[in-house]
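Novice: Protein chains in written order, with this note's numbering: chain X, 12 to 342; chain B, 12 to 342. Using N, Cα and C, we set each Cβ at its ideal position, and we do this for glycine too. Before I ask anything, let me first share the structure, which is written out below as structure tokens.
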DNA sequence: CTGAAAGCGCTTACAG
DNA sequence: CTGAAAGCGCTTACAG
């Protein structure tokens, strides 16, 4: 049988209250008593039952993480595992636990959010992506439940919403600026998942900087972040013979572009992607990519949420730095 | 404030005991009372606090899943996300929750296991991989804590251990047999993670069937399941000029082989991999691969564990079917 | 068929 | 500095 606070109390010759206070290192307990109780704790191998504790403290020290339903078709993208890694590191550092829910579609994501809240099982929720008119965000805000999003929410009155994000607009603007300085006169952009704000922002940055630099452009949107989508988009995009460079919203799309370029024999096109995905084949030429620091995004999201839960947070958001990693030949 | 069982009781004019019995659909409660109570439940939107329930039932309906520390360097392998998907599906079907722990090394995996148990937070544990002389398995068995492993444990007295696995030995034997029938006289095998039983079994099947078929062979072991490791291994392996076919323990290794073959210009080598990984580049020739049905492995693991927890299980293991998917040109 | 009571393992005012 | 008591939100023998 599991050893409880009563067992420790009996062993140390004190009351359960005292043991509880020793556990929380209450300053009003005498040093000698503390020592004795700690010895009993060690001797008996006592670890408090966190469920019982939660029942009185009204905190479970568990955070619910909702994976976007696209995660499984996007498994080839390291973003999710990296973010999860960051999430778990932060949770561990702060003595929180993480509970994941995988949705099948947007509806079941909302269901997962509701379940988390209704069961009283989590103190807060983390959403791994932000959609336009996001139902989960709306529900969480409405119910005033603590949450954080990876990606900046696009709704009104978002000052009290916690979020982390890269500066995607700026990251793309930098790329376009760089390309313009190199002499590119006409650029292409391939995006996907139009209702993800991250996609919207990358496109926004692209358009803005093209206009600012007086660079011509055309844009193709695809359904998913896949090689096939990138290939299809490239095919369409390069009907425009003047395009000499291309910015993809994700490396998987860039792979498709590479593939198209190799097959079509077209040379001298400069490619930029996002999120440095390992190319198993690695036969194509290197291309430049923006490292969005997925692990840091996960870590900071949970840090922010936990600060909020413990009422110690100052800012409601955090911008995680990106790093443009140029292709080998550029170095 | 959250609505509790007392609120419902008051609203329906019954005692909390009765509400509790209605929740569990106890047969001794009158139909009329049930109806009235259910209306109150609905009206007030009551959902039981599962922590309070757990405290008395001694069950949390949470299963802890320990990710192998290699998971993050292996993120390019869909196995983990697929398995997690299967795990979450089974959990949802059975009204269980899942809690994941990511270890940094083998030691911290054991730490995670201990923490799960000590906190009283999980009813059972699922391990995503099995190592030789696996510390987590030893600890769990020693403490008689319910668990299931993906991969067959290799310890004595494993009859009471729950596990799911593919028949890796058989899968590789089939491949080798097929290759022998096609006329291959000498084969190569590339493995990695020698202390994972899955690797050991694939190698075992390879050796067995080569001997059975009278086919010559050589074997190279690498550290990790990566393209680089596959490339390095291929370089070494093909010093043996007679090798005409190669079985890789994972598709990532096979990509490395492809790369080597393309660079070295060597032709007519038949490649087999495992676990059909999407090749972002997809420039190389197609190769055949064994689909190990990762999602099913995850699903069945949790099914097995939950059956055990509810004392309804019969068998202590389950073999998940594999499917050999031949390269396009073979069809 | 239903309720009052005890208890799950903790924490925390309150009292001394 | 420490303990007895009440309570967190449930469930479940026990009694009627």
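Quick one: is residue 111(X) near chain B, going by C-beta distance under 7 Å?
Specialist: Position 100 of the first chain holds residue 111(X). Closer than 7 Å to some Cβ of chain B, the Cβ of residue 111(X) qualifies, so yes.
Novice: Near residue 199(X), which residues of its chain fall below 6 Å by C-beta distance, leaving aside the five closest residues on each side in sequence?
Specialist: Position 188 of the first chain holds residue 199(X). Only 229, 248, 254, 257 meet the Cβ criterion.
Novice: Given that residue 129(X) touches chain B, what residues does it touch there, using C-beta distances under 7 Å?
Specialist: Taking the first chain and counting its residues from 1, one reaches residue 129(X) at position 118. 58, listed in chain order.
Novice: Assuming residue 183(X) and residue 213(X) form a contact by the criterion Cβ under 8 Å, report the distance between their Cβ atoms to the nearest whole angstrom.
Specialist: Against the first chain, residue 183(X) aligns to sequence position 172. Against the first chain, residue 213(X) aligns to sequence position 202. Sure, about 5 Å apart at Cβ, within 8 Å.
Novice: Beta-carbon of residue 72(X) versus every beta-carbon of chain B: anything under 7 Å?
Specialist: In the first chain, residue 72(X) corresponds to position 61, counting from 1. No, because no Cβ of chain B sits closer than 7 Å to the Cβ of residue 72(X).
Novice: Going by alpha carbons, who is nearest to residue 71(X) out of 60(B), 74(B), 18(B), 165(B)?
Specialist: Residue 71(X) sits at position 60 when you count from the first residue of the first chain. Selected option, being the one with the closest Cα: 60(B).
Novice: Could one say the Cβ of residue 80(B) lies closer than 7 Å to chain X's Cβ atoms, at least one of them?
Specialist: By 1-based counting over the second chain, the position of residue 80(B) is 69. With 7 Å as the cut-off, residue 80(B) does not count as an interface residue toward chain X.
Novice: When the Cα atoms are used, what is the spatial distance from residue 319(X) to residue 157(X)?
Specialist: For the purposes of this step, residue 319(X) is identified with residue 308 of the first chain, where counting begins at 1. For the purposes of this step, residue 157(X) is identified with residue 146 of the first chain, where counting begins at 1. Residue 319(X) and residue 157(X): Cα-Cα distance of roughly 8 Å.
Novice: Kindly indicate the opening and closing residues of the beta strand (DSSP E) around residue 177(X).
Specialist: Against the first chain, residue 177(X) aligns to sequence position 166. Counting along the chain, the beta strand (DSSP E) containing residue 177(X) begins and ends at 173-177.
Novice: Do you know offhand how far residue 325(X)'s Cα is from residue 173(X)'s?
Specialist: In the first chain, the residue the question calls residue 325(X) occupies position 314. In the first chain, the residue the question calls residue 173(X) occupies position 162. If I take the Cα positions, the gap works out to 11 Å.
Novice: Suppose contacts are defined by Cβ-Cβ distances below 7 Å. Is residue 112(B) in contact with residue 123(B) by that definition?
Specialist: For the purposes of this step, residue 112(B) is taken as the residue at position 101 of the second chain. For the purposes of this step, residue 123(B) is taken as the residue at position 112 of the second chain. Taking 7 Å as the Cβ cut-off, residue 112(B) and residue 123(B) qualify as a contacting pair.
Novice: At the level of alpha carbons, what is the spacing between residue 342(B) and residue 246(X)?
Specialist: Residue 342(B) sits at position 331 when you count from the first residue of the second chain. Residue 246(X) sits at position 235 when you count from the first residue of the first chain. Because the pLDDT at residue 342(B) is just 37, under 50, the model does not fix this residue reliably, and the point stays unresolved.
Novice: Looking only at its own chain, which residues have a Cβ that is under 8 Å from the Cβ of residue 243(X), when we skip the five neighbours before and after it?
Specialist: Indexing the first chain from 1 puts residue 243(X) at position 232. So the qualifying residues of the chain are 233, 267.
Novice: Note down, in chain order, each residue of its chain lying with its Cβ closer than 8 Å to the Cβ of residue 6(B), except the 5 sequence neighbours on either side.
Specialist: Only positions 12 to 342 of chain B appear in the structure, and residue 6(B) is not among them; the question remains open.
Novice: Can you name, in chain order, every residue of its own chain whose Cβ lies under 6 Å from the Cβ of residue 163(B), other than the five neighbours on each side?
Specialist: Here residue 163(B) corresponds to residue number 152 of the second chain, with the count starting at 1. Cβ within range, chain order: 174, 176.
Novice: Taking all protein chains shown into account, do 16 or more other C-beta atoms lie within 10 angstroms of the C-beta of residue 272(X), making it buried, or fewer, making it exposed?
Specialist: Looking up residue 272(X) in the first chain gives position 261. It is buried - the Cβ of residue 272(X) has at least 16 other Cβ atoms within 10 Å.
Novice: Would you call residue 73(B) buried or exposed, if buried means 16 or more other Cβ atoms sit within 10 Å of its Cβ?
Specialist: Within the second chain, numbered from 1, the residue matching residue 73(B) stands at position 62. So residue 73(B) counts as buried.
Novice: What's the C-alpha gap between residue 250(B) and residue 275(B)?
Specialist: Reading the second chain from its first residue, position 239 is the one you call residue 250(B). Reading the second chain from its first residue, position 264 is the one you call residue 275(B). Those two C-alpha atoms are separated by around 12 Å.
Novice: Using C-beta distances below 7 Å, list every residue in its chain close to residue 210(X), excluding the 5 sequence neighbours before and after it, in chain order.
Specialist: Taking the first residue of the first chain as 1, we reach residue 210(X) at position 199. The residues are 202, 203, 204, 260.
Novice: Check whether the Cβ of residue 132(B) lies closer than 7 Å to any Cβ atom in chain X.
Specialist: Here residue 132(B) refers to the residue found at position 121 when the second chain is read from its first residue. At least one chain X Cβ lies under 7 Å of residue 132(B).
Novice: I need the boundaries of the alpha helix (DSSP H) containing residue 11(B), first residue and last residue.
Specialist: Chain B is shown from 12 up to 342; residue 11(B) falls before or after that span and cannot be answered.
Novice: To the nearest angstrom, report how far apart residue 105(B) and residue 110(X) are at their CA atoms.
Specialist: Translated into the one-based positions of the second chain, residue 105(B) becomes position 94. Translated into the one-based positions of the first chain, residue 110(X) becomes position 99. Distance between the alpha carbons of residue 105(B) and residue 110(X): 16 Å.
Novice: I need the DSSP call for residue 263(X), collapsed to helix, strand or coil.
Specialist: Within the first chain, numbered from 1, the residue matching residue 263(X) stands at position 252. Helix.
Novice: Relative to the alpha-carbon of residue 178(X), which residue among 328(X), 16(X), 19(X), 53(X) has its alpha-carbon at the smallest distance?
Specialist: Reading the first chain from its first residue, position 167 is the one you call residue 178(X). It is 328(X) whose Cα lies nearest to the Cα of residue 178(X).
Novice: How would you label residue 304(X), buried or exposed, when you count the other beta carbons within 10 angstroms and need 16 or more for buried?
Specialist: Translated into the one-based positions of the first chain, residue 304(X) becomes position 293. By the 10 Å Cβ count, residue 304(X) comes out buried.
Novice: Which bits of chain B does residue 63(X) rub up against, with CB to CB less than 8 Å?
Specialist: In the first chain, counting from the first residue as 1, residue 63(X) sits at position 52. What residue 63(X) touches in chain B: 66.
Novice: If you draw a straight line from the C-alpha of residue 114(B) to the C-alpha of residue 155(B), how long is it?
Specialist: Mapped onto the second chain, residue 114(B) falls at position 103. Mapped onto the second chain, residue 155(B) falls at position 144. Straight-line Cα distance between these residues: approximately 22 Å.
Novice: Any residues in the stretch 13-36 of chain X with a beta carbon nearer than 9 Å to a beta carbon of chain B? Which ones, in chain order?
Specialist: Within the stretch 13-36 of chain X, the residues whose Cβ lies closer than 9 Å to some Cβ of chain B are 13, listed in chain order.
Novice: Would residue 419(X) and residue 187(X) qualify as a contact pair, given that the criterion is a beta-carbon distance under 7 Å?
Specialist: Any answer about residue 419(X) is impossible in this case: the structure gives chain X only from 12 up to 342.
Novice: Using 6 Å as the cut-off, classify the Cβ of residue 69(X) as near or not near the heavy atoms of the ligand ZN, replying yes or no.
Specialist: Only the bare structure without any ligand can be found here, which leaves the ligand ZN out of the picture.
Novice: Taking residue 335(X) as the reference, which of 125(X), 75(X), 282(X), 135(X) has the closest Cα?
Specialist: If you number the first chain from 1, residue 335(X) lands on position 324. Selected option, being the one with the closest Cα: 282(X).
Novice: Could you tell me which residues DSSP pairs with residue 335(X) in its beta bridges?
Specialist: Taking the first chain and counting its residues from 1, the one referred to as residue 335(X) is at position 324. Per DSSP, 301(X).
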